[in-house]
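Residue numbers (my numbering), protein chains in the order written: chain E, 60 to 195; chain U, 1324 to 1410. Virtual Cβ for every residue (Gly too), placed ideally from N, Cα, C.
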Amino acid sequence: MNEILTAIIAKYNYWSFLILLLIGLHAMISKNNLVKKVIGMSIFQSAIILFYVSIGYKKGATIPITEHGHGHANEVVHQTAAEMVAGFANPLPHVLMLTAIVVGVGTLGVALALVQKIHRVYGTIEEDEILEKIKE
Amino acid sequence: MTWDASLLWQFDFLILLMVIICAVAALTFKDLITSAVVFGAYSFLMCLLWTEMLAVDVAFTEAAVGAGVSTVFFLGTALHIKRRAKD
């Protein structure tokens, strides 16, 4: 029992990813205001980014920048490549999520532009009021 | 050059807790401008989380794009439309 509890608590990053994902999904489905739906979408996106960054994390590692990078090519390196890599966090998920953030802000801009356009046409951004005005 | 990451779990836990509180608060407030500002705080806390999870490149992109541009977009929209939300 105690081991199960420890295993659950040790993965708190993934639990909070799950909580944020569900908060975002709930807001996207059940909120009435369109701006609140867009906020929910943004929370959903950053939850997924949190998941990917958590995958790349290593305990006891440092940021993925080499110490002897530029201008030290002739220095003797005493480590093998595998030993060097073990000391850095995995940068591949970071790079993928960098793209995801930029795409996310693009989506956000388009969504908010649509919200403003809907407000200009219907005079409201509450979903139920818009549906009533469409039926008229 | 490496530091002991095991010392940082309390910090990690605190930021994750504040992130979840900010997410719920941003969706709960009925005033859209308050919502937008709390969402900016949420993005900034995410940026802190990513610095601490060794993803510095993601962190400064988030600081510029998430906490900066997104908040401006939300504020711009909130100023154009009716500020009060029903839920």
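{"Item": "Alpha helix (DSSP H) runs contained entirely in the segment 1330-1399 of chain U, provided each spans 4 or more residues", "Value": "1332-1351, 1355-1375 and 1379-1384"}
{"Item": "The segment 1399-1406 of chain U / the segment 1353-1367 of chain U touching (three or more Cβ pairs under 8 Å)", "Value": "yes"}
{"Item": "Run of the alpha helix (DSSP H) containing E/Phe9, from where it starts to where it stops", "Value": "Because residue 9 of chain E is not part of the residues shown, which for chain E are 60 to 195, the question remains open."}
{"Item": "Nearest-angstrom Cβ-Cβ length linking U/Asp1410 and E/Lys95, presumed shorter than 8 Å", "Value": "7 Å"}
{"Item": "U/Glu1296 classed as buried or exposed, judged by whether at least 16 other C-beta atoms fall within 10 angstroms", "Value": "The displayed coordinates of chain U run from 1324 to 1410. Any statement about residue 1296 of chain U would go beyond what the structure contains."}
{"Item": "Segment contact, 8 Å Cβ cut-off, at least three pairs: the segment 1333-1342 of chain U with the segment 178-193 of chain E", "Value": "no"}
{"Item": "Pick from U/Phe1352, U/Val1360 and U/Leu1371 that is closest to U/Leu1340, judged by C-alpha positions", "Value": "U/Leu1371"}
{"Item": "Cross-chain neighbours of U/Asp1410 in chain E, by beta carbon under 9 Å", "Value": "Ser89, Lys90, Asn91, Asn92, Lys95 and Glu185"}
{"Item": "Collapsed DSSP secondary structure at E/Ile67 in the structure displayed", "Value": "helix"}
{"Item": "DSSP state of E/Arg179 mapped onto helix, strand, coil", "Value": "helix"}
{"Item": "E/Val174 to E/Gly99 span [Cα, whole Å]", "Value": "14 Å"}
{"Item": "Min CB distance E/Tyr71 to chain U below 8 Å", "Value": "yes"}
{"Item": "CB contact flag (E/Tyr111, E/Leu155, <8 Å)", "Value": "yes"}
{"Item": "Residues bridged to E/Thr139 [DSSP beta-bridge criterion]", "Value": "Answer is none; E/Thr139 lacks a bridge partner."}
{"Item": "Cβ of E/Ala145 within 8 Å of any chain U Cβ", "Value": "no"}
{"Item": "Sufficient close CB pairs (3 or more, under 8 Å) joining the segment 73-81 of chain E to the segment 1340-1352 of chain U", "Value": "yes"}
{"Item": "Interfacial residues, the segment 1334-1350 of chain U to chain E, with Cβ spacing under 9 Å", "Value": "Asp1335, Phe1336, Leu1339, Leu1340, Val1342, Ile1343, Ala1346, Val1347, Ala1349 and Leu1350"}
{"Item": "Contact with chain E by U/Ile1356, beta-carbon distance below 8 Å", "Value": "no"}
{"Item": "Assigned exposure category for E/Ile184 - 16 Cβ within 10 Å defines buried", "Value": "buried"}
{"Item": "One or two residues paired with E/Gly121 in a DSSP bridge", "Value": "The question names Gly, but residue 121 of chain E is Thr in the sequence shown. E/Thr121 pairs with E/Phe147."}
{"Item": "Distance between E/Pro123 and E/Lys70 (C-alpha atoms, nearest Å)", "Value": "23 Å"}
{"Item": "Residues that DSSP places opposite E/Glu62 in a beta bridge", "Value": "Note: E/Glu62 sits in no beta bridge, so no partner."}
{"Item": "Beta carbon proximity, U/Phe1367 to chain E, threshold 8 Å", "Value": "no"}
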